[in-house]
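Taking it in order: structure first as structure tokens, then the write-up.
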Amino acid sequence: MALDEITTSLSVMEGQVEEDSDARELEALGHKQEMSRNYSTLSLAAMGFVTGNAWSALGGSILVAIYNGGPTGVLYEMIAVSAAYGLITLSLAELASSVPSSGGVYHWSTVLAGPKYGRITGFFAGWFNFLAWVFATSSTCAILGNALVEMYLVGHPDVEWKAWMVFVAFQVLNWIGCLIVSCGNKFLPALNVMGSFVVCAGVLISIVTLAVMPKTHATSEFVWSTFINETGWSSSGLVFIMGLLNGAYAIGTVDCTTHLAEEVRNPGVAVPKAMFFQLGLGFATAFAYMIALSYAISDLNTILSIQSNFPITAIYQQATGSTAGAIGLTFVIFLAYFTALPDTIIASGRMFWALARDNATPFSSYFAHVSKRWGSPIRANILCSVVTTAIGCIYVGNTTAFNAFVGSFVVLTTISYGIAIGAHMSTGRKSVLPGPFHLGRFGWIINILSLAYIVGSNVMFCFPFVQPVTQANMNYVSVIVVGFFTFIILWWVFRAKRDYEGPKYIPHIIQGRAVDSPTTSGPTNDGEKKLATLALEPPVHNYAV
625 MALDEITTSL SVMEGQVEED SDARELEALG HKQEMSRNYS TLSLAAMGFV TGNAWSALGG
685 SILVAIYNGG PTGVLYEMIA VSAAYGLITL SLAELASSVP SSGGVYHWST VLAGPKYGRI
745 TGFFAGWFNF LAWVFATSST CAILGNALVE MYLVGHPDVE WKAWMVFVAF QVLNWIGCLI
805 VSCGNKFLPA LNVMGSFVVC AGVLISIVTL AVMPKTHATS EFVWSTFINE TGWSSSGLVF
865 IMGLLNGAYA IGTVDCTTHL AEEVRNPGVA VPKAMFFQLG LGFATAFAYM IALSYAISDL
925 NTILSIQSNF PITAIYQQAT GSTAGAIGLT FVIFLAYFTA LPDTIIASGR MFWALARDNA
985 TPFSSYFAHV SKRWGSPIRA NILCSVVTTA IGCIYVGNTT AFNAFVGSFV VLTTISYGIA
1045 IGAHMSTGRK SVLPGPFHLG RFGWIINILS LAYIVGSNVM FCFPFVQPVT QANMNYVSVI
1105 VVGFFTFIIL WWVFRAKRDY EGPKYIPHII QGRAVDSPTT SGPTNDGEKK LATLALEPPV
1165 HNYAV
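So the sequence shown is residues 625 to 1169, counted in the working numbering.
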């Protein structure tokens, strides 16, 4: 046999062994391998980078921060929030390495809280995370819809903006994204790699254009040391903290790759790498873009007086001095951000599917189905788009809904992160075996700082955006969060408390590691009995009891 044939055979055998190991580890988490492992570490990292799309998200959502400090505020807020999310990413990456599951924070919270409180803790974390990703899809559709409408209006100044225009664009984009995710699952890894090039090309084109085309540039004093407060709040510190919302939205998708842990080889290593890549490159591109954008603003007062739902186009028009330039740069941001739309639907769909297969949702057996033809949980994807459609209807009667979408996404995601991190701390950080990535002795301080930021920022993000408060400008984030929290409680009390099973965790099987468990129960199904036999009758954490 030729040397190259031997090498090829060994590579195939190595890949098969790795896949078998990943499937066995997933079975130890209480689930069988249903999704194809189409993703490599590179394509998973590309998916995270594209989903985050930090620079275009920052520009598209700048409405929520431009009044909270101006360019100076946005830049320093971006630095501060990136540092905070760096700590959160470290905390979550450690958990993703130990318990690689599509459930993400849902599965971790269940395992980390222990047998007594695991079911209810994981249940709430999972639902909050699912709802957060639905709002991520909603805000993405809103940004893209506003971009389309704004491009048209800039070219047709005689046409008046109407909410229904954004609503129609919102709904069309939502269902296009659902179609891509449901029927193109096997092509998504390649599309994400291509999408990452689109995102990188978009930010380079935008930065170069913003640096070259303006006839005059803002001063460094204006960009770096002129804090502008147009909110009506008297405290600049309060305004600064509230302005963190823009940066948090731009880079706050750090758990997106965790929902594909069952679709990548060696997830205990690949997922943490993808998370760090996403955050690092996301911050670098967003910060560079924001610097270029800030220097391109020659008259901020004019921008603030326009009262646009998508002020980035007005900034582009001022910077380029032409309608064509404004439309062109807005199209660049639209094209770059469109690549994120399918990935937000993937995250929400995979999260709902993970909940459904553990009987945590209405009609669980129906939504837990994975299409054999398309290799995707199509029913869960469609459900997510239906919910997004309903949320999009808010645009018909409330043009301030975008701020609520952004705020709800940030608050709901970080609540789910906080539940998982808090559960880990509550059991002395000893509930799971360390994975390939482990924080070691720095774990406690990183977890504590992460949790402190989550609690403090979420309180501030529920404050009214401006003063005085009216029905039209009220911050509805707290109303949305409390409303969904009430729904989750009712579902738990009247149905899920009885029927919800919860994921399982058999530590002896995970990556061949072993540990003694203080709380055990015997295997409850054939899969667990088989695993228990393989592991010489290990104790099992069973959260269905």
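Glycine is no exception: its CB is placed at the ideal position from the N, C-alpha and C atoms.
Would you kindly work out how many angstroms separate the C-alpha atoms of W788 and L1036, rounded to a whole number? Cα to Cα, W788 sits roughly 27 Å from L1036.
Taking the alpha-carbon positions, what's the L668 to L719 distance? Using only the alpha carbons, I get a separation of about 17 Å.
S1145 to L736 span [Cα, whole Å]: Residue placement at S1145 is flagged as unreliable, the pLDDT there being 33, under the threshold of 50; the coordinate-derived value follows with that caveat. Their Cα atoms are separated by approximately 17 Å.
Excluding the 5 residues flanking P838 on each side, which residues of the same chain have their C-beta closer than 7 Å to its C-beta? Only residues of its own chain outside the window of five on either side were considered, and among them A920, S922 and A943 have a CB closer than 7 Å to the CB of P838, listed in chain order.
With distances taken Cα to Cα, identify the nearest neighbour of S664 among A938, P891, I1069 and S844. The shortest Cα separation from S664 among A938, P891, I1069 and S844 belongs to P891.
For F821, which residues from the same chain have a beta carbon less than 8 Å from its beta carbon, with the 5 sequence-adjacent residues on both sides left out? For F821, where only same-chain residues beyond five positions count, there are no Cβ hits under 8 Å.
May I ask you to verify whether the region 866 to 881 touches the region 672 to 681, counting CB pairs closer than 8 Å and requiring at least 3? The answer is yes - the region 672 to 681 touches the region 866 to 881, with three or more Cβ pairs under 8 Å.
Residues near V956 by beta carbon distance below 7 Å, same chain, minus five either side: Contacts found: G826, I829 and S830.
If you run the structure through DSSP and keep just helix, strand and coil, what is N677? Coil.
Alpha-carbon spacing of G728 relative to C1017, whole angstroms: Taking the straight line from one Cα to the other gives about 29 Å.
For I915, tell me which candidate among G676, S685, V783 and G697 has the shortest Cα-Cα distance. When each option's Cα is compared against that of I915, the closest is G697.
Please return the same chain residues whose Cβ sits closer than 7 Å to the Cβ of I1069, not counting the five positions on each side in sequence. So the list is empty, once near-sequence residues are dropped.
Proximity to P1092 [Cα-Cα], best of T855, L768, L812 and V773: Among T855, L768, L812 and V773, the Cα nearest to that of P1092 is on T855.
8 Å Cβ cutoff met for A814 and V1034: It is not a contact, given that the beta carbons lie outside the stated cut-off.
What did DSSP end up calling G1126 once you bin it into helix, strand or coil? Coil.
Any chance the CB of I915 is under 7 Å from a heavy atom of the ligand HEM? In the structure on display, the ligand HEM does not appear, and there are no ligands present to speak of.
Hey, out of K1054, G1042 and L699, whose CA is closest to N753's CA? If we check each option's Cα against that of N753, G1042 comes out closest.
Inter-stretch contact (C-beta, 8 Å, three-pair minimum) for the region 1052 to 1066 and the region 768 to 784: When Cβ pairs closer than 8 Å are counted between the two stretches, the region 1052 to 1066 is seen not to touch the region 768 to 784, the count staying below three.
To the nearest angstrom, how far is it from the Cα of P896 to the Cα of A964? One alpha carbon belongs to P896, the other to A964, and they sit about 20 Å apart.
In three-state DSSP terms, what is N692? Three-state DSSP puts N692 in a strand.
Hey, is the region 861 to 869 in contact with the region 927 to 940, meaning 3+ C-beta pairs nearer than 8 Å? Too few Cβ pairs lie closer than 8 Å, so no.
Based on DSSP bridge pairs, tell me the residues matched to Y663. Residue pairing by DSSP places Y663 opposite V888 in a beta bridge.
Using beta-carbon positions only, say whether T1013 and N798 come within less than 8 Å of one another. Yes, these two residues count as a Cβ contact at 8 Å.
Look at the Cβ atom of S1081, then the Cβ atom of L711, and state whether they are nearer than 8 Å. Going by C-beta atoms, S1081 is not nearer than 8 Å to L711.
Integer-rounded CB distance, given that T947 should sit under 8 Å from V778: The Cβ separation is near 6 Å, so the contact holds.
Assigned exposure category for L634 - 16 Cβ within 10 Å defines buried: Note on L634: pLDDT 37, under 50, position unreliable in the model; the coordinate value appears next. For L634, the number of other beta carbons within 10 angstroms of its own is below 16, and it is reported as exposed.
Counting C-beta neighbours from all protein chains within 10 Å, is the total for T761 16 or more, i.e. buried, or is it exposed? The C-beta of T761 has 16 or more other C-beta atoms within 10 Å across all chains shown, which makes the residue buried.
If you measure between the beta carbons of F884 and R974, is that distance less than 8 Å? Sequence inspection shows Leu at residue 884; the Phe mentioned does not correspond to that position. Contact annotation: L884 and R974 have beta-carbon atoms nearer than 8 Å.
S1000 in three-state terms, based on DSSP: Note: S1000 maps to strand in three-state DSSP.
Can you tell me which residues form a DSSP beta bridge with I852? According to DSSP, I852 bridges with G693.
I want to know whether the region 840 to 857 touches the region 739 to 757 - three or more CB-CB distances under 8 Å. Segments in contact, no.
Please list, in chain order, all residues of the same chain as S767 whose beta carbon is under 7 Å from its beta carbon, the five residues on each side excluded. Here the sequence assigns Ile to residue 767, which means Ser is not the residue at that position. For I767, where only same-chain residues beyond five positions count, the Cβ hits under 7 Å are G684, S685 and Y961.
Cutoff 7 Å; reference R1003; Cβ partners in own chain excluding five residues on either side: In chain order, Y990, F991 and H993 place their CB closer than 7 Å to the CB of R1003, counting only its own chain and leaving out the 5 sequence neighbours on each side.
Given a threshold of 16 other Cβ atoms within 10 Å of its Cβ, counted over all protein chains shown, does P1142 qualify as buried or as exposed? For P1142, the pLDDT reaches just 35, beneath the cut-off of 50, and the residue's location in the model is therefore unreliable, although a value from the coordinates is still provided. Counting Cβ neighbours within 10 Å, P1142 comes out exposed, since fewer than 16 surround it.
Comparing the C-beta of R1065 with each C-beta of chain D, is any distance below 8 Å? The chain labelled as chain D is not found in the depicted structure, where only one protein chain is given.
In the DSSP assignment, find the unbroken alpha helix (DSSP H) run with N753 in it and report its ends. Looking at the DSSP string, the run of the alpha helix (DSSP H) that includes N753 is G738 to G779.
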